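Residues in the sequence shown are numbered from 465 upward in steps of one, following my numbering.
We put the beta carbon where it would ideally sit given N, CA and C, even for glycine.
It should be emphasised that the depicted structure is a prediction, and the values quoted were computed from it without experimental measurement.
Below: the structure, in structure tokens.
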Amino acid sequence: MFHQLLAMNHRQSSLLQHLFLGLFSLIITTGQAQIILHGRITEAGTGEPLSFVNISLQGSKQGVISKENGQYQLEIPSRDATLQLSRLGYKTQILPVHAKTPGFRLDITMKVSDITLENVVISDGLQSVLSDKSLYLYDYEFFEEQLFVILYDRKSHRTQLALIDARDSIIDITNGLEKPGKLIKDCLGNVHVIGKQYACQLFIVAEQIAMYKDNLSDFKRIVEPCLGKLDEYYYYKFSFGNDQILEYIAFNAQEKTQKPLLQIKDQKKIHQMLDPMGPYSQFASTEAQLMHISTATWKKINTLNHDYQFNRRVFFYPISAPIHTIKSQVYLFDHTNGIIYQLDKDGTPQAEIPISYHKSSRFQRSVITDPIREEAYAIYEQHGYLTLKEIDLKTGKTIANYEVPRRFPRKIQVRDGVLFFMYKESNYDTCNRLYRLRIKQ
């Protein structure tokens, strides 16, 4: 009973805190004068809406992409600004703007470029990597400028491993493999195909797929957990305390030594777990609580069990701290404590950058990188639609937004300013298409 009262009191306190924070945010927001440009972008001459137009403030990286109906919305710092608009197949446009009102509508037209590009299909910006409609994807992974893909051929009803070049041409297909599960790229850039009972590293020999069989247990124990590599250093992560403590290690392959990099922990949750009256105390288990109920009904029992399961999910939820190697540095994104740690390859601290982008409820606790341009993106979700926000690694702030133009996309990657993702076109798991969209020039 005492435990239930504490839980009820805690819920009421949390509700009051949320109401207070919401009211405080409202007061701050209403006190600021935001200038929002919005409108529609169309093609000159035809009036057709233009999707996936890059709209940015000249001289900065802040910008957005127009939606499928040509609509856009961009916040600007003052009434006077200069926009830069670009889209594949259209003339780049520099447009001075004077916003007469805080919510200023500006419709824009763009002219078709006179330049013809070889081997480039200009459509609505979103392109399918494979033109053959009978081929679906299980998975894909980059190997330098080429793609390894696991295909399902609807005509032959066979699963195949294929190699695709930069022009979207299939240059080799192999059928002599058990049904593949997934493709994984290791920290060295090698690609492996993984099944239930096997692991094989993939090679390209004379434009043909070659495979070297790995030891599956060694792969899962050594290769798969490696999070990154810089020169002789390999980086690993270990979790403790119900995934509330993360330990990062740098292993020197030349000297055969290891060095601790950082320890990330959620101190608040650790204290709550150690609290003798908390959800993990001897009084917190369902069985112990039932022993103290003299006249329990099934309704009370189920209520207690649901409370316990809720607490268990909350406290066991792993903390988020992805690690990436960018520009010969190690970046650790500590979303629990709101810091980006920048380290040398041996773990020597270089900078601690405060962040706030992770506080949004839409943040998916995930950061991906563009390995060619060495840029980082935070991922947000709302109603199944994902938005990528580029992170300025010097300030920790987000500087540009890029929307994924399909609902519930899978396996998002960015490579040299081009967004790649799989999209499931039906309820069958095999019915994935691979799409790409240039988001940066």
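Just verifying my parser: in three-state terms, what is the DSSP assignment at L691? L691 sits in coil when the DSSP states are folded into three classes, being neither helix nor strand.
Give me whichever residues DSSP pairs with P813 in a beta bridge. Residue pairing by DSSP places P813 opposite L807 in a beta bridge.
Cβ-Cβ distance between R871 and I836 below 8 angstroms: No. Outside cutoff.
For P513, which residues of its own chain have a beta-carbon under 6 angstroms away from its beta-carbon, when the five flanking residues on both sides are left out? Only T506, N533 and G534 meet the Cβ criterion.
DSSP three-state assignment for D596, whether helix, strand or coil: DSSP, reduced to helix, strand and coil, places D596 outside both helices and strands of the structure shown, so it counts as coil.
Tell me whether K732 sits in a helix, a strand or coil according to DSSP, three-state version. Helix.
Whole-angstrom distance between L652 and Q661, CA atom to CA atom: Those two C-alpha atoms are separated by around 23 angstroms.
Are there three or more Cβ pairs, one per stretch, closer than 8 angstroms when the segment 664-681 is compared with the segment 694-710? No contact exists between the segment 664-681 and the segment 694-710.
Which partner residues of Y616 appear in the DSSP bridge assignment? Bridge partners of Y616: Y600 and T623.
Near Y604, which residues of its chain fall below 6 angstroms by C-beta distance, leaving aside the five closest residues on each side in sequence? Cβ-Cβ distances below 6 angstroms link Y604 to L611, V613 and L898 in the same chain, with the five nearest sequence neighbours on each side left out; the list follows chain order.
If you follow the beta strand (DSSP E) that G567 is in, where does it begin and where does it stop? Run containing G567: G567 to R569, per the beta strand (DSSP E) assignment.
Among I728, P813, Q526 and L538, whose alpha-carbon lies nearest the alpha-carbon of I499? Nearest of I728, P813, Q526 and L538 to I499, Cα basis: L538.
Look at the Cβ atom of H799, then the Cβ atom of R829, and state whether they are nearer than 8 angstroms. The Cβ atoms of H799 and R829 sit closer than 8 angstroms to each other.
Close-in-space but distant-in-sequence residues of the same chain around H656 (CB under 6 angstroms, 5 per side omitted): Excluding residues within five positions, the ones whose Cβ falls inside 6 angstroms are I648, A663 and Q665.
Assuming Y554 and S577 are in contact, meaning their beta carbons sit under 8 angstroms apart, how far apart are those beta carbons, in whole angstroms? At roughly 5 angstroms, the Cβ-Cβ gap stays under 8 angstroms, so Y554 and S577 are in contact.
Along the beta strand (DSSP E) that carries G527, what are the first and last residues, could you check? Looking at the DSSP string, the run of the beta strand (DSSP E) that includes G527 is G527 to I529.
Is it the case that the Cβ atoms of E839 and R826 are separated by a distance below 8 angstroms? The Cβ-Cβ distance between E839 and R826 does not fall below 8 angstroms.
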